[in-house]
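Input: a single structure, listed below in C-alpha cells.
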Amino acid sequence: MTGTVNALDFFLWGIFPYITLAIVIGGTIWRYKTDQFGWTTRSSQMYESRLLRIASPMFHYGILVVLVGHIVGLVIPKSWTDAVGISEHFYHLNALGLGSIAAVATLIGLFAMIYRRRTSATVFRATTWNDKMMYVALTSAIVLGSVATLFNAMEIEGHHNYRETVSVWFRSLFYFQPNIEAMASATTSFHIHVIVAMILFCLWPFTRLVHAFTAPLHYIFRPYIVYRSRGKRNHARGWSPVGTADSVNKDARTVERQHHHH
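If you're matching positions, the sequence shown starts at 1 in the UniProt record's numbering and goes up one per residue.
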C-alpha cells in the first residue's frame, strides 16, 4: 500500500474524524442537558399512519442490518476471517447479498417517509428545516454508500478491497494513530461516502436522530401508539372510564347518598 499523503488527506483522515467525535460527544451532552423533552423522534403518526406503518419498519429493520454489516466490515480484521477459513470471495459475496437487500429496504422505507412528508399536508407542516437537513444528509450517506459498494463489486474504479484500506484506517483511529495513508489509497467513491457519513454524524446530536442513542432495541418492536379508538372496549371490573354512562350514574348515586346522610 503506497500513496502520497497531502495536507487535505491529513485533515480529512487524521483530524476531521476526531472533530466529528468531539461534536458527537459534546453535542449529545449539550442536547441532553438543554433539551431533554426534545429528545424524541417527534412522532407524526397522529397526522398519518397508513404509509408510516409500512415505511418505518422497512427503514428501521434495514438500517439495523446495514449498521451490523458496517460493524463487521470495519471492526473485524481480514486476518481473523482468513484464520477461520472464510475466503475473501465468500465473505464479499455474502456481504454484497445481505447488504444489497438491507440497503434496498432502507432506501425504500426512507423514500416512502420522505414522500409521506411531502404529500401529507399536516405532516409537511410539522416538518422543520432541521428535519429537511437531516433527511438530505441521511439519504446522501446511504445512497453514496450503496454506490461505493456497487462500484467496488463491479470494479468500476479498479480492483479495491476496502478491508485493506477503509477498515484499517477506521480501526487505527481508536489507537489515536490514524493510518492516513491507508484511507488515502481508497477509491474516490469510498472517500465521498466516508466524508458525508462524518458530516451526518456532526449533525446527528442536533436532529431527531439523537433518539437512537437512547432508544432500546425493543423500540423497533413496540406497538404503534393509538391516539384514538373507534370502537368500544371491555374494561376491568370496578373501573368506569370518565365520561361514560356508568361513571356518570355512579357519581350521581354517590352524590345522592351523601345528600341523604346529610
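We treat Cβ as the ideally placed atom computed from N, Cα and C, and that holds for glycine. Only a predicted model underlies this, so the values are computations on that prediction, with no experimental measurement involved.
Given residue i as reference, the closest of the options once Cα atoms are compared
i: SER100; options: ARG163, CYS202 and THR149; result: THR149
i: PHE170; options: ASN161, ALA182 and HIS160; result: ALA182
i: VAL5; options: TYR135, ILE180, VAL84 and GLY109; result: ILE180
i: ASN152; options: ALA141, THR188 and THR122; result: THR188
i: PHE10; options: SER185, ARG118, GLU157 and THR207; result: SER185
i: ALA103; options: SER79, SER140, ILE199 and LEU209; result: SER140
Residue range of the alpha helix (DSSP H) that includes residue i
i: PHE151; result: 129 to 154
i: SER100; result: 88 to 119
i: TRP80; result: 78 to 83
i: ILE199; result: 188 to 203
i: TYR162; result: Where TYR162 is concerned, there is no enclosing alpha helix (DSSP H), given that its DSSP letter is neither H nor E.
i: ILE25; result: 16 to 34
i: SER172; result: 166 to 173
i: HIS70; result: 52 to 75
i: ALA7; result: 7 to 10
i: GLU181; result: 180 to 184
Buried versus exposed, by CB contacts within 10 Å (16 or more), residue i
i: TRP204; result: buried
i: ILE15; result: exposed
i: PHE176; result: exposed
i: SER167; result: buried
i: LEU110; result: buried
i: MET46; result: Residue placement at MET46 cannot be trusted, given a pLDDT of 49 that sits under 50; the coordinates are not used to answer.
Anticipated Cβ contact below 8 Å, residue i with residue j, distance rounded
i: ILE192; j: LEU138; result: Incorrect: roughly 15 Å between the Cβ atoms, too far for contact.
i: ARG125; j: LEU51; result: That belief does not hold up - the Cβ atoms of ARG125 and LEU51 are roughly 17 Å apart, past 8 Å.
i: MET113; j: PHE59; result: 6 Å
i: VAL66; j: THR106; result: 6 Å
i: LEU12; j: ILE195; result: 7 Å
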